[in-house]
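Residue numbers (my numbering): 7 to 589. For every residue, glycine included, the Cβ atom is placed at its ideal position computed from N, Cα and C. Beneath this line is the structure, given in structure tokens, with notes to follow.
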């Protein structure tokens, strides 16, 4: 249909039916209404964007006031939030420029609200009761001194406040709060309609804030509980990747949480590059039952591990929680007590005949000419006897607990003293020694002789590993090198690293190198007691020895000692192993 009448066409396009005389007045009025509507939509949109989930109720009101005042003329805005236990929190924002902008809070008990009486004007309490229970907005047109229930309302009347609008904040048909605006000028129905739209958006925002705060609080409570457990808690997913650990686990592995998360469990616990066989996680997920395993980790620490399978609501596998208890001291103490008693008994039984053998062979050597065919045989008997005596001495050291005092010591000085004793012995074999000592190393509480014994043993082991590598490969142009490095993590531990480029140790042998009488050296080179005795001394200092090695490239042995005050107090008066020099 073609509209030929120009006036009719304009009316169809603009929706304005007027005479030519008043057309521009009506058009201007219509444009003002459209502009106001656009502003309203913009305010509601900005309200949704600007209210963050981590904002307080006061911040929300401060963010809301300037936008609302562009369209609704009010002097006071109040926000009522329904809390648990029937408590209602009232936050009041005064926008009166003459008295200065103020925000104050009060609390109201739901039980104190009054049901409005028929035939009488609603007071404030009754108005709140009506909005909360009827879930409808209330236009409170006339406020008088007779209807005031709160002290601040009396002051409002004195300030000339005459009208209020109360609008419920509804979420899933539940009133979570009330928005109240009050002003000296009367509000109209358009104000009520716009404020209802704002209240709908505000209700959603406040619900999001409430849910966020609830989730955040639950998360905080869970993390505090999780970290309060003094034993290890580790959660792994179906790909054997570590997703969560508590503080005890991070301290056990001497790594930060960020360094642990994402690692494969078999890498963290055992230093492996492939899955364990059999795998404890696979076992519990398959059987859907808790499983127990006692295992020795890569740090030579014994853990009692309880594995708990986790499933979704649909009974689908989700992951496994490991609960680990460090029982190293308990397990080792039982083993070492038994082994110590046996070693002491055997050593004493062998010591007497060996003394006779060594003494008599030395007497025979003095009386036998070096050209005699028996001289070399007697010399071998004496040498083997002396070697057996050293083994017996180590056995006695292993089974004996000598008492001596602890004192504040600098590990850098211990390193320098240890190198002073054996540096010549190492360097004469064309092995370089490099010192990388941290200048700001915190002191630790320990026994100097015991720690020297550990370091000398680690240095001699490094020397033997280098000699074994280059003795087998005389054509190599590479030179043997030992790096002694000290480092610290403030408030946690101090460490000494002994790094060599020797022959290295096979991965399958590393868990056994601290066991008594186990040695990876060639026959006649070691007794297998050095690392065992050293570990005992380190554990007496509440520390441990960590070993990492790559066959053909070298090894890193780290003596790690805690520096915390609590550990220092525990060490006072305690004893460690013998100060005898290691083999």
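Would you identify the three-state DSSP class for residue 511, choosing helix, strand or coil?
Taking the first residue of the chain shown as position 1, residue 511 is located at position 505. Correct three-state label for residue 511: coil.
Quick check on the burial criterion: 16 or more other C-beta atoms within 10 angstroms. Buried or exposed for residue 170?
Here residue 170 refers to the residue found at position 164 when the chain shown is read from its first residue. Result: buried.
C-alpha distance - residue 524 paired with residue 539, whole-angstrom precision:
Numbered from its first residue, the chain shown carries residue 524 at position 518. Numbered from its first residue, the chain shown carries residue 539 at position 533. One Cα belongs to residue 524, the other to residue 539, and the distance between them is close to 12 angstroms.
Need the endpoints of the alpha helix (DSSP H) that residue 427 sits in, please.
Here residue 427 corresponds to residue number 421 of the chain shown, with the count starting at 1. Run containing residue 427: 417-433, per the alpha helix (DSSP H) assignment.
Hey, out of 379, 359 and 384, whose CA is closest to residue 370's CA?
For this step, residue 370 is matched to residue 364 along the chain shown. Nearest of 379, 359 and 384 to residue 370, Cα basis: 384.
State buried or exposed for residue 469, treating a residue as buried only when at least 16 other CB atoms are found within 10 Å of its CB.
By 1-based counting over the chain shown, the position of residue 469 is 463. Burial is judged here by how many other beta carbons sit within 10 angstroms of a residue's own beta carbon; residue 469 has at least 16 and is buried.
Once DSSP output is grouped into helix, strand and coil, what is the label at residue 78?
Position 72 of the chain shown, counted from the start, is the residue given in the question as residue 78. Secondary structure at residue 78: coil, using DSSP grouped into helix, strand and coil.
Tell me where the beta strand (DSSP E) around residue 293 begins and ends.
Residue mapping note: residue 293 aligns to position 287 of the chain shown, counting from 1. From DSSP, residue 293 is part of no beta strand (DSSP E) but of the alpha helix (DSSP H) over 286-293.
List the whole-angstrom C-beta distance separating residue 388 from residue 368, where the pair is believed to meet the contact cut-off of C-beta under 8 angstroms.
In the chain shown, the residue the question calls residue 388 occupies position 382. In the chain shown, the residue the question calls residue 368 occupies position 362. Indeed, because the Cβ distance is near 6 angstroms, the residues count as touching under 8 angstroms.
Starting from the C-beta of residue 541, find all residues in its chain whose C-beta is less than 6 angstroms away, skip the five residues before and the five after it, and write them out in chain order.
Counting from 1 along the chain shown, the entry for residue 541 is found at position 535. In its chain, beyond the 5 residues on either side, 520 and 551 have a beta carbon closer than 6 angstroms to the beta carbon of residue 541.
Beta-carbon proximity check, residue 79 vs residue 165, cutoff 7 angstroms:
In the chain shown, the residue the question calls residue 79 occupies position 73. In the chain shown, the residue the question calls residue 165 occupies position 159. Cβ distance not < 7 angstroms, so residue 79 and residue 165 don't count as in contact.
Which residues does DSSP list as the beta-bridge partners of residue 555?
For this step, residue 555 is matched to residue 549 along the chain shown. In DSSP, residue 555 forms a bridge with 561.
Reducing DSSP to helix, strand and coil, say where residue 110 ends up.
Reading the chain shown from its first residue, position 104 is the one you call residue 110. Residue state, collapsed to three classes: strand.
Closest Cα partner of residue 307 within the set 286, 295, 275 and 264:
The residue you call residue 307 lines up with position 301 of the chain shown. Ranking the options by Cα distance to residue 307, first place goes to 275.
Assuming residue 239 and residue 327 form a contact by the criterion Cβ under 8 angstroms, report the distance between their Cβ atoms to the nearest whole angstrom.
One-based indexing of the chain shown puts residue 239 at position 233. One-based indexing of the chain shown puts residue 327 at position 321. With 8 angstroms as the limit, residue 239 and residue 327 qualify as a contact, their Cβ atoms being about 7 angstroms apart.
Span of the alpha helix (DSSP H), counted from its first residue to its last, around residue 101:
By 1-based counting over the chain shown, the position of residue 101 is 95. Premise fails: residue 101 is in no alpha helix (DSSP H) and is neither H nor E.
In the DSSP assignment, what are the bridge partners of residue 300?
For the purposes of this step, residue 300 is taken as residue 294 along the chain shown, with counting starting at 1. Beta-bridge pairing links residue 300 to 310.
May I ask you to report which of helix, strand or coil DSSP gives residue 133?
Counting from one through the chain shown, the residue named residue 133 turns up at place 127. Correct three-state label for residue 133: helix.
Where does residue 520 fall in DSSP's three states?
By one-based count along the chain shown, residue 520 stands at place 514. Collapsing the DSSP output to three states places residue 520 in coil.
Bridge partners - residue 315, DSSP secondary structure assignment:
Taking the chain shown and counting its residues from 1, the one referred to as residue 315 is at position 309. According to DSSP, residue 315 bridges with 326.
Given a threshold of 16 other Cβ atoms within 10 Å of its Cβ, counted over all protein chains shown, does residue 128 qualify as buried or as exposed?
The count along the chain shown starts at 1 and reaches residue 128 at position 122. Note that residue 128 scores a pLDDT of 49, beneath 50, so its modelled location is shaky; the value from the coordinates is reported in the next line. The residue is buried, with at least 16 neighbouring Cβ atoms inside 10 Å.
Just to confirm the assignment, what range does the alpha helix (DSSP H) spanning residue 207 have?
Indexing the chain shown from 1 puts residue 207 at position 201. Its alpha helix (DSSP H) spans residues 195-234.
Please specify which runs of the beta strand (DSSP E), each continuous and at least 3 residues long, are wholly inside the stretch 447-505, giving them in chain order.
You should have 450-452 and 486-495.
Using a Cβ distance threshold of 8 angstroms, determine whether the stretch 285-298 contacts the stretch 249-268, with at least three qualifying pairs required.
No: the two stretches stay apart, fewer than three of their Cβ pairs being nearer than 8 angstroms.
Any idea if residue 186 is buried or exposed, counting beta-carbon neighbours within 10 angstroms, 16 or more meaning buried?
Counting from one through the chain shown, the residue named residue 186 turns up at place 180. Per the 10 Å Cβ criterion, buried.
With C-beta atoms as the reference, is residue 142 less than 7 angstroms away from residue 113?
Within the chain shown, residue 142 is the residue found at index 136, counting from 1. Within the chain shown, residue 113 is the residue found at index 107, counting from 1. If you check the CB distance, residue 142 and residue 113 do not come in under 7 angstroms.
Since residue 115 and residue 93 should fall inside the 8 angstroms C-beta cutoff, what is the C-beta to C-beta distance between them, to a whole number of angstroms?
Counting from 1 along the chain shown, the entry for residue 115 is found at position 109. Counting from 1 along the chain shown, the entry for residue 93 is found at position 87. About 6 angstroms; that satisfies the 8 angstroms criterion.
Whole-angstrom distance between residue 561 and residue 511, CA atom to CA atom:
Counted from its first residue, the chain shown places residue 511 at position 505. Counted from its first residue, the chain shown places residue 561 at position 555. If you take the alpha carbons of residue 511 and residue 561, they lie about 7 angstroms apart.
Does the separation of the CB atoms of residue 462 and residue 424 fall below 7 angstroms?
On the chain shown, position 456 is the one that residue 462 refers to. On the chain shown, position 418 is the one that residue 424 refers to. Contact flag set, yes.
Report buried or exposed for residue 569, applying the criterion of at least 16 other Cβ atoms within 10 angstroms of its Cβ.
Here the question's residue 569 lines up with position 563 in the chain shown. So residue 569 ends up on the buried side.
Is residue 248 helix, strand or coil when you go by DSSP?
Indexing the chain shown from 1 puts residue 248 at position 242. Collapsing the DSSP output to three states places residue 248 in a strand.
Residue 197: buried (16+ other C-beta within 10 angstroms of its C-beta) or exposed?
If you number the chain shown from 1, residue 197 lands on position 191. The residue is buried, with at least 16 neighbouring Cβ atoms inside 10 Å.
Please report the distance separating the alpha-carbon of residue 138 from that of residue 145.
Along the chain shown, one-based indexing puts residue 138 at 132. Along the chain shown, one-based indexing puts residue 145 at 139. So the alpha carbons of these two residues sit roughly 14 angstroms apart.
What would DSSP say about residue 277, mapped onto helix, strand or coil?
Here residue 277 refers to the residue found at position 271 when the chain shown is read from its first residue. Coil, per DSSP.
Helix, strand or coil, according to DSSP, for residue 239 in the structure here?
Here residue 239 refers to the residue found at position 233 when the chain shown is read from its first residue. Collapsing the DSSP output to three states places residue 239 in a strand.
Quick one: what does DSSP say residue 354 is sitting in, helix, strand or coil?
Taking the first residue of the chain shown as 1, we reach residue 354 at position 348. Correct three-state label for residue 354: helix.
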